[in-house]
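A quick write-up on the structure given underneath.
In the numbering used here, the protein residues as written are 14 to 214.
Now the structure itself:
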C-alpha cells in the first residue's frame with residue numbers, strides 16, 4: 014500500500030521531469046517542452062522510507078518515455094549523478110528526487126515484482142476523509158518465484174534507450190526491444206499491456 018498525501022509540490026513532478034529529460038540523450042526532448050503524463054504507478058518500499066513511482070510521459074508527437082523516480086527524505090550517498098531535483102513537499106518537507114535507476118531501493122522492489130509476479134501498490138489517501146487517489150496505471154511481473162535476493166548496491170549503465178542494473182534491464186523509450194527474461198508489463202490509459210523491464214535469466 015502506498016500512502017498518498019494531498020500536498021503542494023514545488024517544483025511539481027511534471028516540472029521536475031520536464032527539466033531533467035532534455036539532459037538525457039535517449040529522450041529527444043528539447044528544453045522547455047511540455048510534458049504530458051500518460052500514466053503512473055507506484056511500488057511499495059518494504060521499509061516505508063522511500064517513495065517509488067514510475068511515470069509514463071510523452072512530449073508533443075514523440076514516443077512514450079518510461080521515467081521511474083524515487084523520493085527520499087535525505088540525500089542518497091553516492092547518487093548525486095542521479096539526482097533530478099530537490100522538492101518542497103507541503104506535508105513531508107524537503108524531498109530529494111532521483112532517477113530511480115541509481116537507487117538500490119528501486120532495483121530491489123522492481124526485481125522482486127518481476128521475479129515473484131508482484132504488482133503495483135494499492136493507493137490510499139493519508140487522510141481518511143480525502144478521496145482515494147485515482148489510479149492511472151498498473152504493472153505486473155511475470156515470474157513465479159517465492160522470493161528475490163535483496164539488492165543493496167547498483168551500478169547502472171545506459172546504452173541507447175535501455176538501462177541495465179545488474180540483471181535488470183529497463184526501457185527508457187517505450188517500444189525499444191528488450192532482452193529475453195521475466196518481465197514487468199505496464200498498462201495505462203489508451204495503451205496495450207507493454208513490457209517496460211526485464212529480469213534476465
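Idealized CB from N, CA, C, for every residue including glycine.
Check, Outcome
"Assign residue 199 to one of two classes, buried (16 or more other C-beta atoms within 10 Å of its C-beta) or exposed (fewer than that).", "buried"
"Going by beta carbon distance, what residues of the same chain come within less than 7 angstroms of residue 201, once the five residues before and after it are set aside?", "51, 52, 69, 149, 150"
"Can you grab the Cα-Cα spacing for the pair residue 177 / residue 189, in whole Å?", "13 angstroms"
"With three or more beta-carbon pairs closer than 8 angstroms as the criterion, would you say the stretch 75-82 touches the stretch 33-49?", "yes"
"Would residue 45 be called buried (16 or more neighbouring beta carbons within 10 Å of its own) or exposed?", "exposed"
"So is residue 135 buried or exposed if we call it buried at 16+ other beta carbons inside 10 Å?", "exposed"
"Measuring CB to CB, does residue 169 end up less than 7 angstroms from residue 114?", "yes"
"In three-state DSSP terms, what is residue 22?", "strand"
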